[in-house]
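Count along the sequence shown from 1, add 42, and you get the number used in our numbering. What follows is a set of notes on a single structure, which appears directly below.
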Amino acid sequence: LTQLYERNGRHDSLAELLERRLSGARMRNDVAAILALSLQLGALLTTSRPEQAIETYRAALETSPESSPLLTRLLALYTAEEHADDRAEILERLLAISTGEGAAERALSLAAIRQQMGDDEGVARALRLGFEASPGHAELRARLADFYNGRERWADLAEMLAAEGAAAEGATSVARLRE
Numbered sequence: 043l044t045q046l047y048e049r050n051g052r053h054d055s056l057a058e059l060l061e062r063r064l065s066g067a068r069m070r071n072d073v074a075a076i077l078a079l080s081l082q083l084g085a086l087l088t089t090s091r092p093e094q095a096i097e098t099y100r101a102a103l104e105t106s107p108e109s110s111p112l113l114t115r116l117l118a119l120y121t122a123e124e125h126a127d128d129r130a131e132i133l134e135r136l137l138a139i140s141t142g143e144g145a146a147e148r149a150l151s152l153a154a155i156r157q158q159m160g161d162d163e164g165v166a167r168a169l170r171l172g173f174e175a176s177p178g179h180a181e182l183r184a185r186l187a188d189f190y191n192g193r194e195r196w197a198d199l200a201e202m203l204a205a206e207g208a209a210a211e212g213a214t215s216v217a218r219l220r221e
């Protein structure tokens, strides 16, 4: 039936069918089905009813709170400035499950949003989480050091430099610690 609705372009009927299946999956507490159906329904609703897609994804996060596909799709829907709080929340959740370059980029994006919101502690948290996930990222490391320097948070700066020194070895870590 799903394929028939898809082939014939009956998106409203397909959405209703997926909603019924999703409701059944919730009643059975079938986490995998809830996730799969929510992703499918949300994708269908994204263009015509983005607010309903957001609600669908948010509801699915209750059973799959660390689902990268759910968080990524929600983030894509929260592009407008009126969703800055929501965008920041989703980015922070994605950052918590990210590593490497992806974590660094998300941390920098989150820090920029938090800075626009005037949330200094949020900026610090974003940069710190990013640094912990990707300590070798030069821009992130510099931004965090500048943040701590600018606010005279010497203990935090010392902790960051100690962590950096422990992660790195050789002359570069010694020179950085001497700064």
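By construction, the Cβ of each residue, glycine as well, lies at the ideal position given by its N, Cα and C atoms.
For residue i, three-class secondary structure by DSSP
{"i": "MET202", "result": "helix"}
{"i": "TYR190", "result": "helix"}
{"i": "GLY207", "result": "helix"}
{"i": "ILE76", "result": "helix"}
Cutoff 6 Å; reference residue i; Cβ partners in own chain excluding five residues on either side
{"i": "GLU147", "result": "none"}
{"i": "GLN94", "result": "LEU87"}
{"i": "ILE96", "result": "LEU119"}
{"i": "TYR190", "result": "ASP198, LEU199"}
Terminal residues of the alpha helix (DSSP H) in which residue i lies
{"i": "TYR99", "result": "92 to 103"}
{"i": "THR114", "result": "110 to 119"}
{"i": "MET8", "result": "Missing from the structure shown is residue 8; the chain here goes from 43 to 221 and no further."}
beta-carbon residue i near the ligand ATP non-hydrogen atom, thresh 7 Å
{"i": "PRO107", "result": "With respect to small molecules bound, the structure shown includes none, and the ligand ATP cannot be examined in it."}
Cut-off 8 Å between Cβ atoms - residues of its own chain near residue i, not counting five sequence neighbours on either side
{"i": "GLY212", "result": "Confidence at GLY212 is low in this model, with a pLDDT of 49, below 50, so its placement is unreliable and no value can be given for it."}
For residue j and residue i, believed in contact at Cβ under 8 Å, the rounded distance
{"i": "ALA102", "j": "LEU117", "result": "No, ALA102 and LEU117 are not in contact; Cβ-Cβ is about 14 Å, not under 8 Å."}
{"i": "LEU150", "j": "LEU133", "result": "LEU150 to LEU133, Cβ: 10 Å. No contact."}
Same chain, Cβ closer than 7 Å to residue i, neighbours up to 5 away in sequence not counted
{"i": "LEU182", "result": "ALA146, ALA149, LEU150, LEU169, GLY172, PHE173, SER176"}
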